[in-house]
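Heads up: the structure comes next, in structure tokens.
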Amino acid sequence: MSFLFQERFLRILFIVSVILMAVNLYAIFFIAPMVPEQHWAQKIFYVHVPIAWSSFLSYFIVMVSGILFFIKKDSYWDRVGLAAAEIGTLFVTLVLITGPIWATPIWGKPWIWEPRLTTTLILFLIYIGYFMLRKFGGHPERVARYAAVLGILAFLDVPLIFYSVKFWAPQYQLHPQVEMNQQPDEILLPFFFSMFTFTILYILMLRFRVKISNFQYKLKTKNV
Amino acid sequence: MLTVSNISKSFHYKPVLKDISFSLSPGETLALLGRNGAGKSTLLRIIAKISSPEEGQAIFNGNNLFEGVAAHRKGLYYCGHAPGLYPSLTASENLHYFSALHGRKTNPDSINSVLKDFDLIDAIDEPVKVFSQGMMQRLKLSFLELIDWSLLLIDEPFNGLDIPGQKFVMNKMESWQNGRRSIIFVDHDINRVLKISSRIMILDKHSIVLDDPISTSDLENKITSLMN
Amino acid sequence: MFITLLKKELFVELRNKEVILSMLAFGLTVLLIFSFSLSGNPKINHEIAPGLFWSLVVLSSSLGLHRLFGQEKDFDAFASLLSAPIDRGTLFLAKWISGFLFLFLIEILVVLPFFLFLGLSQPMSYFPGIGIVMLGNLGIVAVGVIVSGMAMRAKMSAVLLPVLLFPLITPLLIACVKATTGWYHLIPFSTWQFWVLIMATYVVIFGLAGYVFFEHITEE
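Taken in order, these protein sequences are the chains called Z, W and V.
In case it helps, the numbering used here puts the first sequence at residues 3 to 226.
In case it helps, the numbering used here puts the second sequence at residues 2 to 229.
In case it helps, the numbering used here puts the third sequence at residues 407 to 626.
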């Protein structure tokens, strides 16, 4: 554990994340107002959306890492891509859990093929394939190339997935939209703070994971 | 003709080749020796652009082989362990298609003549999947009579061949040594290698441990001690 | 060189028929399953026919795509292809177009049983439908060749291929079903032209991606 905190930047980032998250949780539970009719269920909004944003950010980083892997020909970018894929998939799983938890009291049903949630589901399935490819694709040096290609293709697919799902069956996909520009400051400010907090948390998790990955790589290649 | 610089390759994080560098001049026949797992086949497959190295470069006739430009591989022919042929196609069909892929149009007469030369004419209409190992080896080598090549990479050309088959391949390899063409071949038989090659290279522990012309004194003993 | 490669692909397949037979056999089996697992009401079948057709195509294609590199893998002809002075992007194009032709052939063979078994009425016009099917095929096979190239050397390749392929082609599947529904149910084109645009965009993006990335997928 102490290995993870050897770097000064990581130590500071960890402390900042803990403080921010504590303030964030306080803000969500005690500062953000209770929305009539939705009550406590609406509070998931402050977690669900930032996690979703972080997961898409993560998959974007998988794509960028893939491109950099081919340009720089450095296995470091493969390790960054893998770390981002892992964290992205973890966050996506949380989105798919918190989404239905929020939806059940609000929409009356846990799942109604809402476009963003459906896009998240499809991305989750793509990344199941990604991890299977990592495990069964062969030796790591080859799999790094495959994973980079898949990461790029997956993110190129995102706008196509979103727009095709959005217009697929709108009569069955009606749900109350959260119109951000109509929300009062008491909701917007905690929301953006939560977005910021989760982004910092994501960066911390990514840095930790890459650091572990780098050390594992050095051990495997006996460069310690 | 061929300059290989700092080629490194790992499988499952274990290095197979480390910083391999050498040059090959036109007309040289380089025999690549080494224990199993020394990286000989891997090195040939990297130069042939079938496998990609983690680091390193290979320049063939002034062109970077790893740039991904197909024309840079013109003149290079790879012959691996496996047949490298389409099992459901006949000998003549395989010759026709692979020659075309190397930029050479063939006609039935040229193919028949080559198959006769390589004693495959009786099996001309048989699918390759029914061929014996010796027949497949002869078919692989018969391409070299049809296409223009200047560098041959051949992995264990004598593997699984009977004595007449080995003699046939040795004679063919000697006939191809015309001063302009180069050959890199993998073998395990030291006596045979001393007969047909002009230079010997031994790979061991991911590196080149010997790289000497055939005229080097006491070469046989050097090779024997390194191989044991 | 593309024509030579394409001729070789078609000739090899004509000789051993692995891709076509596996897709055809599986396609007919899936059709049988559809026929028995649905109510048998031709009205309901008429409503859902486009979805059933594309489900059948996607399922059959996964089996065929798995064998697309079969002949190259068995005797390592792939090594001979890779070391030859052929552009890898051209190799992708040849696999793409040959895979498209094989899939189209299967659809031609399966479409009559499809209409018969499900009690469907004939479409009013064929050409728009054929165009939609060809565009859909191009999209499925473009991604299929990329994924098949990766799965070729992998363990559990028969499982890995559909697991990778199906989520990636979801937007294409939705668009194909929507466009086919619009054509088959005689809905004005302006209503479903958006889906044709999605299909075309998909084909362009993944066709280009395959051409560019095939170099990196094929090497050991």
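We put the CB at the ideal spot given by N, CA and C, even for glycine.
Everything numeric in this text was worked out from a predicted model, so none of it was measured.
- For F119(W), no beta strand (DSSP E) encloses it, and the DSSP letter there is neither H nor E.
- For P109(W), the number of other beta carbons within 10 angstroms of its own is below 16, and it is reported as exposed.
- Looking at the DSSP output, E56(W) sits in a beta bridge with S9(W).
- Here the alpha carbon of L570(V) sits roughly 13 angstroms from the alpha carbon of L465(V).
- Chain-order list of chain V residues neighbouring L162(Z): P577, I604, T607 and Y608, by C-beta distance under 7 angstroms.
- Counting only residues of its own chain and dropping the five nearest sequence neighbours on each side, F133(Z) has no CB closer than 6 angstroms to any other CB.
- In the DSSP assignment, M23(Z) falls within the unbroken alpha helix (DSSP H) covering R10 to Y28.
- Ranked by how close their Cα comes to the Cα of I128(Z), the residues V82(Z), T223(Z) and V94(Z) have V94(Z) in first place.
- At least 8 angstroms separates the CB of M530(V) from every CB of chain Z.
- DSSP places Y78(W) in the strand class (E or B) of the three-state scheme.
- Excluding the 5 residues flanking it on each side, T106(Z) has same chain C-beta neighbours closer than 7 angstroms at P112, in chain order.
- By the neighbour-count criterion, in which 16 or more other beta carbons inside 10 Å mark a residue as buried, R473(V) falls on the buried side.
- Take the alpha-carbon of L152(W) and the one of H189(W): they are about 21 angstroms apart.
- Fully enclosed beta strand (DSSP E) runs of no fewer than 3 residues occupy 200 to 205 and 208 to 214 of the stretch 190 to 219 of chain W, in order along the chain.
- Where D156(W) is concerned, the enclosing beta strand (DSSP E) starts and stops at L152 to D156.
- For the 8 angstroms CB-CB criterion, L416(V) and S486(V) do not form a contact.
- Residue burial is scored here from C-beta neighbours: V516(V) has at least 16 other C-beta atoms within 10 angstroms and is therefore classed as buried.
- Boundaries around S466(V) are those of the alpha helix (DSSP H), P448 to H472, since no beta strand (DSSP E) includes it.
- Neighbours of Y14(W) in chain Z, taken as residues whose beta carbon is under 7 angstroms from its own, are P142, K222 and T223 in chain order.
- Between G616(V) and A548(V), the C-beta spacing is below 8 angstroms.
- Chain-order list of chain Z residues neighbouring E453(V): empty, with the shortest C-beta distance near 13 angstroms, by a criterion of under 8 angstroms.
- When DSSP states are grouped into helix, strand and coil, K222(Z) belongs to the helix group.
- Following the DSSP letters along the chain, one finds T576(V) inside the alpha helix (DSSP H) bounded by residues T576 to Y590.
- In this structure L96(W) is in contact with T107(W), their Cβ atoms being roughly 7 angstroms apart against a cut-off of 8 angstroms.
- Following the DSSP letters along the chain, one finds F23(W) inside the beta strand (DSSP E) bounded by residues K15 to L25.
- Between I426(V) and L499(V), the C-beta spacing is not below 8 angstroms.
- With the rule of 3 Cβ pairs closer than 8 angstroms, the stretch 114 to 127 of chain Z counts as touching the stretch 165 to 174 of chain Z.
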